[in-house]
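Participant: Chains as they are written, first to last, in numbering that gives the first Met the number 0: chain A, 0 to 345; chain B, 0 to 345.
The beta carbon of each residue, even a glycine, is placed where N, CA and C say it ideally should be.
Predicted model only: the values in this text are computed from it and were never measured.
There are 2 protein chains.
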Amino acid sequence: MQRQQSWRQFWKSVHALLACSLLFPTAGWGFDYFQALPDRAPFPIDTPPTAEKIALGRKLFFDPALLGPGSRLSCNHCHNLAEGGDDNRALSLGQKGKRSRRSAPSLWNIGFQTVLYWDGRASSLEAQTLDHLRDPLIAKARNVGEVVQYLANSAEYRRLFAAAFPGGSAVSGDAAVSGEHLAKAMASFERSLLAPDSPFDRFMRGDAHALSESAKRGMQAFNDVGCLACHFGTNFAGPAPGPALGLGDGFYELFPNHLGTRYETRYRLADDLGRFEYTGDPGEKYMWRVPPLRNIALTAPYFHNGRVNNLPEAVRVMAKTQLQKELSEETVRDIVAFLSSLTGGI
Amino acid sequence: MQRQQSWRQFWKSVHALLACSLLFPTAGWGFDYFQALPDRAPFPIDTPPTAEKIALGRKLFFDPALLGPGSRLSCNHCHNLAEGGDDNRALSLGQKGKRSRRSAPSLWNIGFQTVLYWDGRASSLEAQTLDHLRDPLIAKARNVGEVVQYLANSAEYRRLFAAAFPGGSAVSGDAAVSGEHLAKAMASFERSLLAPDSPFDRFMRGDAHALSESAKRGMQAFNDVGCLACHFGTNFAGPAPGPALGLGDGFYELFPNHLGTRYETRYRLADDLGRFEYTGDPGEKYMWRVPPLRNIALTAPYFHNGRVNNLPEAVRVMAKTQLQKELSEETVRDIVAFLSSLTGGI
């Protein structure tokens, strides 16, 4: 069974037009399918990422108190910045040992994502921060107010908030410790989490020796097989139309695109109805935000349910479920070499 | 301790300007502090309230299946339309006997409210419907998608959705059973829940005998004591700026306005920090959406925590905590007579 949708059609057409171009950087792509990581992530015009905001966000990120009284977990528990930016679990373990429903994503380079969550239900890192604090799986606090109350009782946090937001709050005058500021500081810190200078980035900037021969063949195969039709742009997650978007605007694709493969049964890929579960719109069954691929070699296991343990298998699954292709093991190895070249310095 | 905020200042000024006007209907108020109930509630321009939408919404409202597989509760459990539109409990009993944190409001005349929930966190009845379906206290369904899936398996619901939304869905083509349509049908039904022709409405339309002498004195006292400064307009819930508002725009007031009264301790009025718990903004501590007063005689117990059992005591509490006034028992009786005249036909 094959299913279609308009975005895919559109990009396939664009892609076909470009197919006669040479793949590699000097060829002058009309559209930047392959892009080196920019020096910084985009940010909302009212929230320039100052050192003070980032410092406050970093402290909050590692402080279990952010997640409520008695929490032993901090944000870093599921988004471990000492590793790939995730927890390397299929599903995360939240408060009281409860298991999450979908796999935690890496936070490295997250500032380039336009919508957050696997179903795109948060339109900014700020919104997602506040949403996390209301989720009993993640936070022990009953609500954002309880967290803000707690932080406002700390002289150090009062000082850090005042330094990060010297103009005070638009709503409450001079009260710097607020939910809005908390969210802005966290988002500013997250936007600073860049993992630059991957072998791929060095290659894109002109170092022809930065990629192995296998990775170069993999980069070509990534295009030829069809992966690039969706996984393109800065984060290999499709177009990033910028912060002007409303809730849920983003780049979504069907997964699985072809139903009934052996992988679907083996890895229970169709158990979760994706964005439909959030919107209830039958047209969004099995629609997912296209996930970013940078640092993918560090973030096993794979897919929304974390059921695929290794990258070669993830490549086979994608080729079959999305493009109805069986890849040779050599091609799988090459694509994995290319994907491994996307690991930046963290 | 007295606390102030800008809305209150503004309306008090408006009010002072009007103080020299006569109170009663023929006086030609510049601003309609007292308003008879309109013939219909406002609705979004893309959702005209057709009979088919209302019929579908009504069926969903009374169907426990809306709240997920195995639910024995329907919307009507907490918003009992056979009575005052609420459950007459201090706090509601949700799924698995869990108790809600705040008292359920009446749905009668709810279509005139611009923001929903005690803290105003939903900006439309549509948004609130979907929010309710994601709340495990209210719904057994894991998500909106599960509900839509269930409804789409029913031939009767497919027929009702198709009749209510003959144009199909903007997102998914012809699939009429969707989360968007479910929310629109529910909201259309809720907008149809008018309780018109209260004695007050008949009085406002010119029937001088519709109110008792006590109720007339109460109406005057409602103005003189200061209640009308916040409780004015169609629903006695302040200005209703219409559906163009964004999330959370609404008419909020401090409660308690004066801290440290005997009522605050007795009824634990300051335990809940109100809108602050949602936004985390210290300027919104103890801020609440001004609640509507129509049908108030039917919806005891009172206040966000349901701790005040009867209307005379609620009037005393409001006079003291909001306006620092001790009312005579005669004035309390008169105001209660006026408030009782707001009960419409349901």
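(1) Kindly indicate if chain A contains any beta-carbon less than 8 Å away from that of B/Leu326.
(2) For the region 264-281 of chain B, which residues have a CB atom closer than 9 Å to at least one CB atom of chain A, in sequence order?
(3) So B/Trp117 packs on B/Arg293, CB below 8 Å; how close in whole Å?
(4) Express the C-alpha separation of B/Glu125 and B/Leu326 in angstroms, rounding to a whole number.
(5) Return the chain-ordered list of same chain residues with a C-beta closer than 7 Å to the C-beta of B/Ser340, the five sequence neighbours on each side being excluded.
(6) So, for B/Leu272: in the same chain, excluding its five sequence neighbours on each side, which residues have a beta-carbon less than 8 Å away from its beta-carbon?
(7) Cβ of B/Leu90 less than 8 Å from any chain A Cβ?
(8) Buried or exposed: A/Ala121, going by 16 or more other Cβ atoms within 10 Å of its Cβ?
(9) Are at least three pairs of beta-carbons, each pair with one atom in the region 148-162 of chain A and one in the region 221-234 of chain A, less than 8 Å apart?
(10) Step through the CB atoms of chain A and report whether any lies within less than 8 Å of the CB of B/Gly144.
(11) Is the region 45-56 of chain B close to the region 68-84 of chain B, with three or more CB pairs under 8 Å?
(12) Where does A/Ala214 fall in DSSP's three states?
(13) Can a CB atom of chain B be found closer than 8 Å to the CB of A/Val176?
(14) Could you check which residue in B/Tyr251, B/Glu328, B/Asn309 has the C-alpha nearest to that of B/Phe275?
(15) Pull up the distance between the alpha-carbon of B/Leu72 and that of B/Phe188, whole angstroms please.
(16) When the distance is taken between beta carbons, is B/Ala103 closer than 8 Å to B/Cys77?
(17) Okay, do the region 123-137 of chain B and the region 312-323 of chain B touch, 3+ Cβ pairs below 8 Å being the bar?
(18) Determine the chain B residues that contact A/Leu124 at a beta-carbon separation under 7 Å, and present them in chain order.
(19) Going straight from the alpha carbon of A/Ala296 to that of A/Leu310, what length do you get?
(20) Considering only their Cβ atoms, is the gap separating B/Ala89 from B/Arg306 smaller than 8 Å?
(21) Look at the alpha carbon of A/Phe337 and the alpha carbon of A/Val316, and state the distance between them as a whole number of angstroms.
(22) What three-state label does DSSP hand B/Ala121 in the structure shown?
(23) Let me know the secondary structure DSSP gives A/Val362 once reduced to three states.
(24) Are the beta-carbon atoms of B/Tyr262 and B/Leu268 separated by less than 8 Å?
(25) So, using beta-carbon positions, are B/Ala154 and B/His180 closer together than 8 Å?
(26) Within 10 angstroms of the Cβ of A/Ala207, are there 16 or more other Cβ atoms? Answer buried if so, exposed if not.
(27) Taking the straight line between their C-alpha atoms, what separation do you get for A/Thr278 and A/Ser99?
(28) I'd like to know whether the C-beta of B/Leu159 is nearer than 8 Å to at least one C-beta of chain A.
(29) Secondary structure at B/Leu253, three-state DSSP: helix, strand or coil?
(30) Kindly list, in the order they appear in chain A, the residues whose Cβ is closer than 9 Å to that of B/Val307.
(31) Of all the CB atoms in chain A, is at least one closer than 8 Å to the CB of B/Val147?
(32) Grab me the residues of B/Arg190's own chain with a C-beta within less than 6 Å of its C-beta, minus the 5 sequence neighbours each way, in chain order.
(33) Counting only Cβ pairs nearer than 7 Å, list the residues of chain A close to B/Leu136.
(34) Helix, strand or coil for A/Tyr301, going by three-state DSSP, please let me know.
(35) Pull the bridge partners of A/Leu115 from the DSSP assignment, please.
(36) B/Gly119 to B/Leu193, Cα distance in whole Å?
Facilitator: In short:
(1) Within the second sequence, residue 326 of chain B is the residue found at index 327, counting from 1. For B/Leu326, the closest Cβ of chain A is not nearer than 8 Å.
(2) Listed by position, the residues of the region 264-281 of chain B near chain A (Cβ gap below 9 Å) are Leu272, Gly273, Arg274, Phe275, Glu276, Tyr277, Thr278, Gly279, Asp280, Pro281.
(3) Within the second sequence, residue 117 of chain B is the residue found at index 118, counting from 1. Within the second sequence, residue 293 of chain B is the residue found at index 294, counting from 1. In fact, because the Cβ distance is near 17 Å, the residues do not count as touching under 8 Å.
(4) Taking the second sequence and counting its residues from 1, the one referred to as residue 326 of chain B is at position 327. Taking the second sequence and counting its residues from 1, the one referred to as residue 125 of chain B is at position 126. Looking at the two C-alpha atoms, the distance is approximately 40 Å.
(5) On the second sequence, residue 340 of chain B is found 341 positions in, with the first residue counted as 1. In the same chain as B/Ser340, and ignoring 5 residues on each side of it, the C-beta atoms closer than 7 Å to its own belong to Ser197, Pro198, Phe199, Leu210, Ala214, in chain order.
(6) Residue 272 of chain B sits at position 273 when you count from the first residue of the second sequence. Short of 8 Å from the beta carbon of B/Leu272, and not among the five residues preceding or following it, lie these beta carbons of its own chain, in chain order: Lys284, Tyr285.
(7) Mapped onto the second sequence, residue 90 of chain B falls at position 91. No, no contact with chain A.
(8) Sequence index remark: in the first sequence, residue 121 of chain A carries index 122 (1-based). It is buried - the Cβ of A/Ala121 has at least 16 other Cβ atoms within 10 Å.
(9) By the criterion of at least three beta-carbon pairs nearer than 8 Å, the region 148-162 of chain A is not in contact with the region 221-234 of chain A.
(10) In the second sequence, the residue the question calls residue 144 of chain B occupies position 145. Closer than 8 Å: yes.
(11) No, the region 45-56 of chain B is not in contact with the region 68-84 of chain B.
(12) Numbered from 1 along the first sequence, position 215 holds the residue referred to as residue 214 of chain A. Here A/Ala214 sits in helix by DSSP.
(13) Here the question's residue 176 of chain A lines up with position 177 in the first sequence. For A/Val176, at least one C-beta of chain B is nearer than 8 Å to its own C-beta.
(14) Taking the first residue of the second sequence as 1, we reach residue 275 of chain B at position 276. The shortest CA-to-CA distance from B/Phe275 to any of B/Tyr251, B/Glu328, B/Asn309 is the one to B/Tyr251.
(15) Translated into positions along the second sequence, residue 72 of chain B becomes position 73. Translated into positions along the second sequence, residue 188 of chain B becomes position 189. Taking the straight line joining both Cα atoms gives about 18 Å.
(16) Residue numbering aside, residue 77 of chain B sits at position 78 when the second sequence is read from its first letter. Residue numbering aside, residue 103 of chain B sits at position 104 when the second sequence is read from its first letter. Yes.
(17) No contact exists between the region 123-137 of chain B and the region 312-323 of chain B.
(18) For the purposes of this step, residue 124 of chain A is identified with residue 125 of the first sequence, where counting begins at 1. What A/Leu124 touches in chain B: nothing, since even the nearest Cβ is about 16 Å away.
(19) Within the first sequence, the letter at position 297 stands for residue 296 of chain A. Within the first sequence, the letter at position 311 stands for residue 310 of chain A. If you take the alpha carbons of A/Ala296 and A/Leu310, they lie about 7 Å apart.
(20) For this step, residue 306 of chain B is matched to residue 307 along the second sequence. For this step, residue 89 of chain B is matched to residue 90 along the second sequence. A distance below 8 Å separates the beta carbons of B/Arg306 and B/Ala89.
(21) Indexing the first sequence from 1 puts residue 337 of chain A at position 338. Indexing the first sequence from 1 puts residue 316 of chain A at position 317. Each residue's Cα considered, the two are about 17 Å apart.
(22) Start at 1 with the first residue of the second sequence, and residue 121 of chain B comes out as number 122. In the structure shown, B/Ala121 falls within a strand segment according to DSSP collapsed to helix, strand and coil.
(23) Residue 362 of chain A falls outside the range modelled here, since chain A spans only 0 to 345, and no answer is possible.
(24) Walking along the second sequence from the start, residue 262 of chain B turns up at place 263. Walking along the second sequence from the start, residue 268 of chain B turns up at place 269. Against a cut-off of 8 Å, the Cβ pair of B/Leu268 and B/Tyr262 comes out as a contact.
(25) Taking the first residue of the second sequence as 1, we reach residue 154 of chain B at position 155. Taking the first residue of the second sequence as 1, we reach residue 180 of chain B at position 181. Taking 8 Å as the Cβ cut-off, B/Ala154 and B/His180 do not qualify as a contacting pair.
(26) Within the first sequence, numbered from 1, the residue matching residue 207 of chain A stands at position 208. A/Ala207 should be labelled exposed.
(27) What you label residue 278 of chain A is simply residue 279 of the first sequence in a count that begins at 1. What you label residue 99 of chain A is simply residue 100 of the first sequence in a count that begins at 1. Between the C-alpha atoms of A/Thr278 and A/Ser99 there is a straight-line separation of about 19 Å.
(28) What you label residue 159 of chain B is simply residue 160 of the second sequence in a count that begins at 1. Chain A contact via Cβ: absent.
(29) Taking the first residue of the second sequence as position 1, residue 253 of chain B is located at position 254. In the structure shown, B/Leu253 falls within a strand segment according to DSSP collapsed to helix, strand and coil.
(30) Taking the second sequence and counting its residues from 1, the one referred to as residue 307 of chain B is at position 308. None at all; the shortest Cβ gap to chain A is about 23 Å.
(31) Counting from 1 along the second sequence, the entry for residue 147 of chain B is found at position 148. It does: the Cβ of B/Val147 has a partner Cβ on chain A nearer than 8 Å.
(32) What you label residue 190 of chain B is simply residue 191 of the second sequence in a count that begins at 1. Closer than 6 Å at the Cβ level, and outside the excluded window around B/Arg190, lie Ala40, Phe42, Pro48, Gly110.
(33) One-based indexing of the second sequence puts residue 136 of chain B at position 137. None at all; the shortest Cβ gap to chain A is about 11 Å.
(34) Here residue 301 of chain A refers to the residue found at position 302 of the first sequence. Of the three classes helix, strand and coil, the one that applies to A/Tyr301 here is strand, per DSSP.
(35) Here residue 115 of chain A refers to the residue found at position 116 of the first sequence. Per DSSP, A/Ala121.
(36) On the second sequence, position 120 is the one that residue 119 of chain B refers to. On the second sequence, position 194 is the one that residue 193 of chain B refers to. Looking at the two C-alpha atoms, the distance is approximately 21 Å.
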